[in-house]
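What follows is a short report on a single structure.
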Amino acid sequence: MAGLEGIEQPRGHGRAAAARWSPAVEDERALRALELFGNPTEMEVPLPSRPESAATARRLAQVVVLRHWGLSPKLAEDAVLLVSELVGNAVRHTGARVFGLRMRRRRGWIRIEVRDPSRGLPCLMPVQELDVSGRGLFLVDRLADRWGVDLLPRGKTTWFEMRVADR
16 MAGLEGIEQP RGHGRAAAAR WSPAVEDERA LRALELFGNP TEMEVPLPSR
66 PESAATARRL AQVVVLRHWG LSPKLAEDAV LLVSELVGNA VRHTGARVFG
116 LRMRRRRGWI RIEVRDPSRG LPCLMPVQEL DVSGRGLFLV DRLADRWGVD
166 LLPRGKTTWF EMRVADR
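Mapping the sequence shown onto this note's numbering, position 74 (from 1) lands on 89, and the numbers just tick up by one.
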């Protein structure tokens, strides 16, 4: 970097960070997640209830929405964010060891579902500008066209739907 030769760069910044992340590297990770966990458009994909599963779910959503469904980058970005929020809620609030991720597309809509064994309902809370947590369902409510919860005999499915333009 020009002009920074004598300045030590903090860890994780500069050229080293750029070498670790790139669209090609992220695309490779997304395809690897698809290979390891399965395709959530074909079946419900079980994921371990750990914080790192949010990254796996984001990668799966990215590869499905962008590559398989060929939808716009903006829609993919929003869908990936909302997947992360639903997965984060399942990991933090349900006590589950495993949760399921499923993605469906039908004419004019995509639907993404996260199933967990808890029958505790998620709660849309009022959000203040400086809140650093509790924004998950607020974002889902703002960005999705529809969302909801289906109670099951053992657990629930939390889902959102977004309108898409069919070609």
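Cβ coordinates follow ideal geometry from the N, Cα and C atoms, glycine included.
Burial is judged here by how many other beta carbons sit within 10 angstroms of a residue's own beta carbon; Leu-81 has at least 16 and is buried. The C-beta separation of Leu-49 from Leu-75 comes to about 6 Å, placing the pair in contact by the 8 Å criterion.
In chain order, Leu-97, Glu-100, Leu-101, Trp-162, Phe-175 place their CB closer than 8 Å to the CB of Val-155, counting only its own chain and leaving out the 5 sequence neighbours on each side. In its chain, beyond the 5 residues on either side, Ser-64, Asp-131, Pro-132 have a beta carbon closer than 6 Å to the beta carbon of Ala-111.
DSSP places Glu-59 outside both helix and strand once states are collapsed to three, so it counts as coil. The shortest CA-to-CA distance from Ala-94 to any of Arg-107, Ala-72, Gly-115 is the one to Ala-72. Leu-136 has its alpha-carbon roughly 16 Å from the corresponding atom of Arg-150. Restricting attention to Met-140, Arg-121, Pro-66, Val-142, the CA atom closest to the CA of Val-106 is found in Pro-66.
Per DSSP, the unbroken alpha helix (DSSP H) holding Leu-75 starts and ends at 68–77.
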